[in-house]
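A short write-up of the structure that comes next.
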Amino acid sequence: MPAKIAINGYGTIGKRVADAVALQDDMVVAGVAKTKPDFEAKLAVRKGFPLYAATREAAAKFEKAGLKPAGVLEDLVKVADLVVDCTPEESGYKPLYEKAGVKAVWQGGEEHSLTNLSFNAAANYSECVGATFVRVPSCNTTGLIRTLYPLDAHIGVETVLAVMVRRAADPGDSKRGPINAIEPELEMPSHHGPDVQSVLPKLDIHTIAVKVPTTLMHLHAISVDLKRPSDAAAVLDVWKRFPRVAFVSGADGIKSTAQIIELARDLSRDRSDFYEIAVWRDGVHVDGKRLYYFQAVHQESDVVPENVDAIRAVLELEKDGRKSMEKTDRSLKIGLAR
Ligand code: NAD
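So the working numbering is basically just the index in the sequence shown, starting at one, shifted up by 1264.
Structure representation (structure tokens):
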């Protein structure tokens, strides 16, 4: 019997996780819950996902909009083995899940302290096997862990300085900004460094973030002091073992995040999603023990495969992280962009 997965919050992340769950043979979408009967709710129905209202008040709005909900969230959690919570940060559903005795996976808008266990498939799958609650860190944090964990495991990392140029809003979000300014995050370090340490506690990392008027992707400029001298070829060889790191090249005409999204479209990726972290092959420079590189992060989709693997770990559908990742990657065609 495939595991029954509920998705609470069917927005940017929730709708992608639902589609990815639907592609797996060991799990099914038991239903999706929403607060608003908007176009995303209507599309969920068209895709055949049972649609639930988050609350009784929301159910009344659904009825009024001509959408008959299958029930409310409390009904959905009773028929699910696990909830993937993709609601906005601090929506506060933990007591409801605890009362229902259902396992849950949260997203990076939540603090690590909500679960005391943050997940990255390559870095700590085995620690999360059989857990009740885990959190998949944010898109930026996941992006940093994807490239830094392999470097630390295979070469050794002394210290990291990462400067993150963050997208202002997602493409479908017309409320957020800035639309004509560059906004520094004045907190130092930005929250991303400590967040990386929620998965890699021993990594010495410092992060700086600025927000810019773009919607496509984030870009990271990263400087790493390695534990031993290396060269660009050896660093690329390490990343080649990790299919969720993809290589792009300025020499091929991929000069910016715009061409990475074009590549995703040309690969016929759903919604032009790019699940891998894109590293510029010709932007990797090593000077003795100092490594510099650039990477781009598709904020709407890089956490999607991690959510699928987190479900498998928590529900013990697969105890071997590598096997789970291979299965997820095959289903999402990850690895084709190399
Ligand atoms: P979103 O606003 O696109 O979607 C949120 C969804 O939850 C919407 O469908 C909304 O109708 C629904 N919702 C709102 N309040 C709710 C409630 N009380 N109960 C049930 N449903 C509710 O948000 P998102 O961008 O998908 O973010 C969800 C989580 O994922 C956050 O923790 C966020 O930090 C994290 N995250 C977002 C991104 C990104 O780039 N968008 C990347 C990684 C992680």
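The beta-carbon is built from N, C-alpha and C at its ideal position, and this holds for glycine as well.
Heavy atom of the ligand NAD within 7 angstroms of residue 1278 beta-carbon: The residue labelled residue 1278 in the question sits at position 14 within the sequence shown. Yes, the beta carbon of residue 1278 sits closer than 7 angstroms to at least one heavy atom of the ligand NAD.
Three or more C-beta pairs below 8 angstroms linking the segment 1374 to 1387 and the segment 1561 to 1581: yes
Three-state secondary structure assigned by DSSP to residue 1497: Along the sequence shown, one-based indexing puts residue 1497 at 233. DSSP places residue 1497 in helix when its eight states are reduced to three.
Any non-hydrogen atom of the ligand NAD within 7 angstroms of residue 1567 CB: Residue 1567 sits at position 303 when you count from the first residue of the sequence shown. Correct: residue 1567 has its Cβ closer than 7 angstroms to the ligand NAD.
Beta carbon of residue 1463 nearer than 8 angstroms to that of residue 1429: Taking the first residue of the sequence shown as 1, we reach residue 1463 at position 199. Taking the first residue of the sequence shown as 1, we reach residue 1429 at position 165. Their beta carbons are not under 8 angstroms apart, which means residue 1463 does not touch residue 1429 by this criterion.
Meets three-Cβ-pair contact criterion under 8 angstroms: the segment 1451 to 1467 and the segment 1431 to 1439: no
Three-state secondary structure (DSSP) of residue 1578: Along the sequence shown, read from residue 1 onward, the residue named residue 1578 stands at position 314. Here residue 1578 sits in helix by DSSP.
Collapsed DSSP secondary structure at residue 1295 in the structure displayed: Within the sequence shown, the letter at position 31 stands for residue 1295. Reduced to three states, the DSSP call for residue 1295 is strand.
Proximity below 8 angstroms, CB of residue 1581 to CB of residue 1267: The residue you call residue 1581 lines up with position 317 of the sequence shown. The residue you call residue 1267 lines up with position 3 of the sequence shown. Yes, Cβ-Cβ distance for residue 1581 and residue 1267 is below 8 angstroms.
Runs of alpha helix (DSSP H) lying entirely within the segment 1350 to 1388, each at least 4 residues, in chain order: 1358 to 1364
Inter-residue spacing [alpha-carbon to alpha-carbon] between residue 1524 and residue 1283: Looking up residue 1524 in the sequence shown gives position 260. Looking up residue 1283 in the sequence shown gives position 19. About 22 angstroms.
Residue 1392: CB within 7 angstroms of a non-hydrogen atom of the ligand NAD: By 1-based counting over the sequence shown, the position of residue 1392 is 128. Because no heavy atom of the ligand NAD lies under 7 angstroms away, the Cβ of residue 1392 does not count as near it: no.
In DSSP terms, what residue 1270 is bridged to: Residue numbering aside, residue 1270 sits at position 6 when the sequence shown is read from its first letter. In DSSP, residue 1270 forms a bridge with 1295, 1347.
Contact the segment 1508 to 1515 vs the segment 1527 to 1542: 3+ CB pairs below 8 angstroms: yes
Distance CB(residue 1270)-CB(residue 1340) smaller than 8 angstroms: As a working note, residue 1270 is residue 6 in the sequence shown. As a working note, residue 1340 is residue 76 in the sequence shown. Yes, the pair counts as a contact, with Cβ atoms nearer than the cut-off.
Residues that residue 1544 bridges to, as DSSP identifies them: Mapped onto the sequence shown, residue 1544 falls at position 280. DSSP lists 1512 as partners of residue 1544.
Sequence-distant residues of its chain with Cβ nearer than 7 angstroms to residue 1599 (five each side left out): Stepping through the sequence shown from its first residue, residue 1599 is reached at position 335. Cβ neighbours of residue 1599 beyond the five flanking positions: 1507, 1593.
Contact the segment 1546 to 1553 vs the segment 1367 to 1382: 3+ CB pairs below 8 angstroms: no
Endpoints, beta strand (DSSP E) assigned at residue 1475: Working through the sequence shown from its first residue, we reach residue 1475 at position 211. Note, residue 1475: beta strand (DSSP E), 1469 to 1476.
Start-to-end residues for the beta strand (DSSP E) that takes in residue 1430: Translated into the one-based positions of the sequence shown, residue 1430 becomes position 166. From DSSP, the beta strand (DSSP E) with residue 1430 extends over 1421 to 1431.
Unbroken beta strand (DSSP E) run spanning residue 1487, endpoints: Position 223 of the sequence shown, counting from 1, holds the residue named residue 1487. Residues 1482 to 1490.
Cut-off 6 angstroms between Cβ atoms - residues of its own chain near residue 1515, not counting five sequence neighbours on either side: Residue mapping note: residue 1515 aligns to position 251 of the sequence shown, counting from 1. The answer, listed in chain order, is 1546.
Near the ligand NAD: residue 1560 beta-carbon under 7 angstroms from a heavy atom: Within the sequence shown, numbered from 1, the residue matching residue 1560 stands at position 296. For the ligand NAD, not one heavy atom lies less than 7 angstroms from the Cβ of residue 1560.
Close beta carbons around residue 1418, own chain, < 6 angstroms, minus the five adjacent residues each side: For the purposes of this step, residue 1418 is identified with residue 154 of the sequence shown, where counting begins at 1. Excluding sequence neighbours, residue 1418 sits near 1502.
Proximity test, residue 1304 beta-carbon vs the ligand NAD heavy atom, cut-off 7 angstroms: In the sequence shown, the residue the question calls residue 1304 occupies position 40. Checking every heavy atom of the ligand NAD against the Cβ of residue 1304, one is found closer than 7 angstroms.
Residue 1564: CB within 7 angstroms of a non-hydrogen atom of the ligand NAD: To locate residue 1564, count along the sequence shown from 1; it is residue 300. Indeed, a heavy atom of the ligand NAD lies less than 7 angstroms from the Cβ.
Member of 1357, 1354, 1342 whose CA lies at the smallest distance from the CA of residue 1364: By one-based count along the sequence shown, residue 1364 stands at place 100. Answer by Cα proximity: 1342.
For residue 1558, the residue or residues it bridges with in DSSP: Numbered from 1 along the sequence shown, position 294 holds the residue referred to as residue 1558. Note: residue 1558 sits in a beta bridge opposite 1485.
Counted within 10 angstroms of its Cβ, other Cβ atoms place residue 1466 as buried (16 or more) or exposed: Taking the first residue of the sequence shown as 1, we reach residue 1466 at position 202. Exposed is the call here.
Nearest residue (CA-CA) to residue 1310, options 1491, 1279, 1446: What you label residue 1310 is simply residue 46 of the sequence shown in a count that begins at 1. When only C-alpha atoms are compared, the closest one is 1279.
Simplified DSSP assignment, three categories, for residue 1412: Along the sequence shown, read from residue 1 onward, the residue named residue 1412 stands at position 148. Reduced to three states, the DSSP call for residue 1412 is helix.
Heavy atom of the ligand NAD within 7 angstroms of residue 1372 beta-carbon: What you label residue 1372 is simply residue 108 of the sequence shown in a count that begins at 1. Yes; taking the cut-off as 7 angstroms, the Cβ of residue 1372 has a heavy atom of the ligand NAD nearer than that.
Residue 1393: first and last residue of the uninterrupted alpha helix (DSSP H) it sits in: Reading the sequence shown from its first residue, position 129 is the one you call residue 1393. No alpha helix (DSSP H) holds residue 1393; DSSP gives it neither H nor E.
Exposed unless 16 or more other CB atoms sit within 10 angstroms - verdict on residue 1591: Counting from one through the sequence shown, the residue named residue 1591 turns up at place 327. Buried, because 16 or more other Cβ atoms sit within 10 Å of the Cβ of residue 1591.
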